[in-house]
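Its first residue numbered 70, the sequence shown is counted upward by one per residue in the numbering used here.
Glycine is no exception: its CB is placed at the ideal position from the N, C-alpha and C atoms.
First up is the structure itself, then whatever we jot down about it.
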Amino acid sequence: MLSVETSWKLKNSLKILRMGCFLMKQEQNWNTNGITHDIPRLYVMCGAPGSGKSTWAKRHFPDHYYVSRDEIRFKLLQPGDDYFAHEHEVYDKFIENIKLGLSFGDTTADATHLNLGSRRKLYNALSREINFSYEIYWVFMDTPLAVCLKRNEQREGRTRVPEKSITEMFGKMNIPTIGEYEKVKGVWIVRE
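If you want it as structure tokens, here you go:
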């Protein structure tokens, strides 16, 4: 029987080739700062917990308006609160901050966005809230499950995700595609 990671890699390897996605290595410098374009761009980070989304985004897009769903959540949580106690408010603020960021220019949205359903929810919310032009680029972190789990072990407190949850998320994730939505103009796949 194949492991979750091997099964996922096999299922998606041909898909990557068919989609013509832009593959990149973690160490490549793909900073877009200073590049001018007509409309703002939203770079949506996609990947399992521990895949390196936040670190990569901050390193490669230091001048973008950065919106982290986890940072919003941790500001709202009080001691003793359940992790998802304020989820509706967290998501509303996430969308509100993305809209604000795009009104100033290029923006990075940092959350897992692991599957079509979660990306659809984001896209639909933004479509309702934003009445100006912008483009979306998915940035998918293709990080091995073992690496995600190892990084997660180093986390403390609420930032640490149960191992079982990461494994389940990993098994359900799929690579975003350009054709998912009209505003999606590109997919970057970052490989470890």
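Own chain, CB closer than 6 Å to residue i, minus 5 neighbours either side, in chain order
i, result
"residue 238", "117, 183"
"residue 192", "250"
"residue 71", "Note that residue 71 scores 45 on pLDDT, short of 50, meaning its location in the model is unreliable; the coordinates nonetheless yield the value given after this. For residue 71, where only same-chain residues beyond five positions count, there are no Cβ hits under 6 Å."
"residue 166", "136"
"residue 243", "184"
Beta-carbon proximity of residue i to residue j, cut-off 9 Å
i, j, result
"residue 164", "residue 195", "yes"
"residue 110", "residue 205", "yes"
"residue 112", "residue 178", "yes"
"residue 175", "residue 139", "no"
"residue 203", "residue 162", "no"
"residue 247", "residue 254", "yes"
When the options are compared against residue i, the one with the closest alpha-carbon
i, options, result
"residue 136", "229, 160, 119, 152", "160"
"residue 215", "119, 106, 167", "119"
"residue 141", "132, 212, 153", "153"
"residue 236", "259, 258, 218, 158", "218"
"residue 258", "233, 211, 123", "211"
"residue 229", "107, 125, 143", "143"
Same chain, Cβ closer than 8 Å to residue i, neighbours up to 5 away in sequence not counted
i, result
"residue 169", "134"
"residue 127", "135"
Coil, strand or helix - residue i by DSSP
i, result
"residue 143", "helix"
"residue 260", "strand"
"residue 130", "coil"
"residue 194", "helix"
"residue 227", "helix"
Cβ shell of residue i (< 7 Å), same chain only, five flanking positions each side left out
i, result
"residue 245", "115, 188, 207, 209, 256"
Test: residue i CB closer than 9 Å to a CB of chain D
i, result
"residue 196", "In the displayed structure, chain D is absent; only one protein chain is listed."
Beta-bridge pairing of residue i - partner residues as DSSP gives them
i, result
"residue 115", "209"
"residue 136", "178"
"residue 255", "206"
"residue 110", "204"
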